[in-house]
Each structure stands twice: as structure tokens, then as C-alpha cells.
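*Asks:* Chains as they are written, first to last, in the numbering used here: chain A, 1249 to 1481; chain B, 1249 to 1481. Mind having a look at this structure? Questions to follow.
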DNA sequence: TGATGTGAAGCGGTTCACAGCC
DNA sequence: GGCTGTGAACCGCTTCACATCA
């Protein structure tokens, strides 16, 4: 509830700002204005100022933001001053791919465990990450201090997995199953739906909005022309 | 421009509706009301009706939607009645993982080529997909009738790759590089930023909005209490 | 002067509520 | 009676515009 005061749109942008600031710091720059930052990602400068203003007054009028200081603030705000331990539930192709994708390795996110229900797989390793029995989720999660669960199981199993990890006290979940999940208020779920992302692209390729309302199928009747016109623009 | 009349939020939902309808059809159901569909994904029924109304009048008052008929319409609208050929640019860990992830195999999306700039990798295969020299992108893309490019290269290289595939006539791009890209108006780019998704979760774990405005750092001055209070709620 | 911080306006998406139709 | 299709209200995010301050 109160945790909804800051929207996900904002936190996503904070993450992007921080990445950019890190680059600038590496390039030896000292200060940056919201205007210049905005240019970097074709974005509005007022938005950047407003995003930052949610957390305090970090800027200096007439100057801009001191890069090092702002980096520190954002790092703390995003909780990136601490390490986070992740597990992946589901060691099928996607789960295995994610475990093997070292994209997070150099960050403070670390994949420390995999889970599966298939007895064939339990005990094996992918890279140097062991696959555990999902039945033991709670104890392994506690022992290994896991904070984030990545759901990479088929759609049918995803809701049950969410409930299982929730019971074990997990508060942050990244869901790759192509299905909307119902979670407790105190659990944050981010769904990444690759299939519907692709299908959105397909829609665009198929002619996108051009077919809307007008590219009608034979069995669709048309009345009320005035609405059609309104929708058009 | 006109292609922006239908938002991505809508197309994402259409994709989800279709998946649900397919399941229902498989279960032998014939009709469904927007209300019942809405329950399935904890969502508002008016929204479903409005989404569908963008494309015609598919429902029957007093009855609901005929599942088979609606499936056909949505399949056509999303362009899923045709096959789509995909390539992945970047055969590093992420690219290889995606190539090896068969999640799309049983759909009408097919991964037909990989591209890389590393001479070591060119000519090899991942699964049964060959890695080509990015220099030959244009000719390979034309020969293999590639419609969608997946960008899985480091952030620094992503914009250049986008420009290269755009020049080759690609109109739909899925970007995994953690950086916002600038594209032509007639090219659709979907960015999936796993890092900023994770960092959003980290924000939530770190206390989320609780730290906003109030969890202030020493060097942040506070004036104008009235705004603070306003922001608080 | 130059850039922040922010009220107010603008815009787009969601939800409500109900007229219209089966 | 039941459910769609949709104007109107609502809500939240974005952009504008400017007072404020180093």
C-alpha cells in the first residue's frame, strides 16, 4: 500500500539514471544538469527532476547535480549498496539459460540456487549452481539467505510456485511465466512476458493499428459511424 | 504515427486474452463473458470490452463472446496467422541462451540466424542455428526473410546494431541491451531491461517508498514542509 | 544567469455506469 | 435478464512554465 507511493516507472528510470551517471563518472565528469541527462535518453528534463525530488533535494540551482553525490544517493535508494541473493525456480531451458547468463555476475545480484521438481535434475549443477528439490524450498531459501525468486516454470505451475515462495518469506519475484499472477500486497512481482512482447511486435508487423476498426472482418457489423470517426484520430 | 493509435498496453493484453481463450477452447468451452474473462486475470471487464472494441464488435449482447470466433479474430489481429522469422544479434551468453531457449519453437516464431562480430564464433552453431558475420547482416536477412531482430549485444554496441538492422529493412526489434534506443518512427522497438527490472525489485526490498522524502541523507535540507506532507499521501 | 523544484495543465489509460440490444 | 459497447468521470503520469535560489 504505502509501498505503492513510488511507481515502478520511477524506479526503472532511477536505475537507468544511475547507469548513466556511472558512465559519466567513469569519464571523469563532475556535474550534470537534468537537461543534459535528459538528452542522453531522449526524455523530458522535468521528469528527471521530479523523479529525484521524490527522495530529497539533491541538486544545486544554477549548477545541476554533483555526479558522485547523486550516484551515492541513487545507489542507496535502489538498495544496490547491499548484495542480493537470487534463486531460479524451474531448471528447464529458460531457467538454465538464465542461470548460465552471467549478466548479473558482476553486479551485486548473485544466483545461488536452482529449484526443480524433476527427480532426474535434482542434485545436478548448471554452471556452479546446484539444483535443489522444490519441496525443500523453504529450508534452502533460509539457509542461503535468498531474497529474490525468479519463476521460470510453465504457466500452469507458476501460481503455485509463487505461493510456495511467498510462504517461505520471499518478498521479491521476477516472473517469466506468460501468465498474470496474483500476489500478496507485501510481495513485489515483476512479470517479464517474452511471448506477449513478441506478439506485440507481430501485431505491429501485421499492419498494426491500420487494421483497427476499419480492416473489419465480414461478420462484423458497423453502426454509429460517428464513433468510428472519433476513434480514428 | 497512426501506428500509435493502438498502444502497446492493449496489444500485450490482446496477447494474454488470446492465450486464455485458447485454453478455454481446449477445455471445450463455447462462449465467455468479459466479466468471466476478467476474473481470470484479476482485471476490469470494461477494459477487455474496450480493448476488443478497438477492432470491431465481436460480442453478442446477452451472451458474451463466442470463443472460437474471437480466437480467430485475435489471431489475425496479432498477425499470428503467419509465421515470423527471427534473428538474434549477439551470440554472447544472453544471445546463446535465447537461441537455446525453445520457448518460441512451438509458436509461429522461429529463430533462423545468429549474428556476431567475433571471427572466432562466426560459422559455428548454437543448437542448429548458425552464427553469421554481422557484416553480412543485410544479405542474410534478405535471403532468410528475417522480420524480427533481437538485440543481445553489450549496451555500447546496441545503438549501432539497431541502425544496421534498420538499414536492412527490419521493422521490429526486441532489445535486451540495458539502454534506451533511438529508432525511426516506422521501426518498433521493445526493450526488455532485465537489470533495471531487478534493480526495481531491489528498491522494493530496500524499503521501497518508505525511504522516500523522509529517509533523508544528512546533506539534504528540508524546507517547505507542506509539500512533503502533500507528497506523503 | 542558469538550473532546480514544483504547482498546474495536459494527456492517456482505466473504471464507472448505463443505454442499447439479444 | 444478461451482457456488450461506450460516454463520462476518474486517476496517474508527463510536460509545461515559472518562482526560487546558488
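Glycine included, C-beta positions come from ideal geometry on N, C-alpha and C. Treat the numbers as computed from the prediction; the structure is a model and nothing was measured.
1. Just to make sure I have the definition right: I need the residues of chain A whose C-beta is within less than 7 Å of the C-beta of residue 1267 of chain B. Which are they?
2. Identify, in the order they occur along the chain, each residue of the same chain with its Cβ nearer than 8 Å to the Cβ of residue 1278 of chain B, setting aside the five sequence neighbours on each side.
3. Closer than 8 Å by beta-carbon distance: list the chain B residues that pair up with residue 1341 of chain A, in chain order.
4. According to DSSP, is residue 1378 of chain B part of a helix, a strand, or is it coil?
5. If we count Cβ pairs, one from each stretch, closer than 8 Å, do we get three or more for the stretch 1298-1313 of chain A versus the stretch 1366-1383 of chain A?
6. Suppose contacts are defined by Cβ-Cβ distances below 8 Å. Is residue 1444 of chain B in contact with residue 1260 of chain A by that definition?
7. For the alpha helix (DSSP H) that contains residue 1352 of chain A, what are its first and last residues?
8. Comparing C-alpha positions only, which one of A:1359, A:1351, A:1292, A:1326 sits nearest to residue 1339 of chain A?
9. Over what stretch of residues does the beta strand (DSSP E) that includes residue 1312 of chain B continue unbroken?
10. Under 7 Å, CB to CB, which of the residues in the stretch 1413-1424 of chain B have a partner in chain A?
11. Grab the span of the alpha helix (DSSP H) containing residue 1413 of chain B for me, first residue to last.
12. Mind checking if residue 1292 of chain B is an interface residue toward chain A, Cβ cutoff 8 Å exclusive?
13. Using three-state DSSP, classify residue 1337 of chain B as helix, strand or coil.
14. Shortest alpha-carbon distance to residue 1407 of chain A belongs to which of A:1341, A:1267, A:1357, A:1431?
15. Any idea what DSSP makes of residue 1260 of chain A, helix, strand or coil?
16. Would you kindly check if the distance between the Cβ of residue 1342 of chain B and the Cβ of residue 1262 of chain B is under 8 Å?
17. Going along chain A, which residues have a C-beta under 9 Å from residue 1260 of chain B?
18. Starting from residue 1395 of chain A, find everything on chain B with Cβ-Cβ shorter than 8 Å and list it in chain order.
19. Between residue 1389 of chain B and residue 1335 of chain B, is the Cβ-Cβ spacing less than 8 Å?
20. Name the chain A residues that come within less than 7 Å of residue 1386 of chain B, Cβ to Cβ?
21. Can you tell which of A:1266, A:1411, A:1258 has its C-alpha closest to the C-alpha of residue 1324 of chain A?
22. Between which two residues does the alpha helix (DSSP H) harbouring residue 1298 of chain A extend?
23. If the cut-off is 9 Å on Cβ atoms, which residues from the stretch 1357-1388 of chain A count as contacting chain B, listed in chain order?
24. So is residue 1312 of chain A in contact with chain B if we call contact Cβ pairs under 8 Å?
25. What's the C-alpha gap between residue 1392 of chain A and residue 1446 of chain A?
26. Mind pulling the chain A residues with CB within less than 7 Å of residue 1256 of chain B?
27. Does residue 1318 of chain A have its Cβ less than 8 Å from a Cβ in chain B?
28. Does residue 1475 of chain B pass the burial test, meaning 16 or more other C-beta atoms within 10 Å, or should it be called exposed?
29. Within the same chain, show all residues whose beta-carbon is closer than 8 Å to that of residue 1428 of chain A, passing over the 5 residues directly before and after it, in chain order.
30. Where do the ends of the beta strand (DSSP E) carrying residue 1363 of chain B lie?
31. Where does residue 1397 of chain A fall in DSSP's three states?
32. Might you give, ordered along the chain, the residues of its own chain that have their beta carbon closer than 7 Å to the beta carbon of residue 1369 of chain A, omitting 5 neighbours on each side?
*Replies:* Looking at the atomic coordinates:
1. 1426
2. 1314, 1315, 1316
3. 1348, 1349, 1350, 1351
4. strand
5. no
6. yes
7. Here residue 1352 of chain A belongs to no alpha helix (DSSP H), and DSSP marks it neither H nor E.
8. A:1359
9. 1312-1314
10. 1419, 1420, 1422
11. 1403-1415
12. no
13. strand
14. A:1431
15. helix
16. no
17. 1441, 1444, 1445, 1447, 1448
18. 1453
19. yes
20. By Cβ distance, chain A contributes nothing, its closest Cβ being about 18 Å from residue 1386 of chain B, past 7 Å.
21. A:1266
22. 1293-1301
23. 1357
24. no
25. 35 Å
26. 1448
27. no
28. Note on residue 1475 of chain B: pLDDT 28, under 50, position unreliable in the model; no value is reported.
29. 1439
30. 1357-1364
31. strand
32. 1339, 1379
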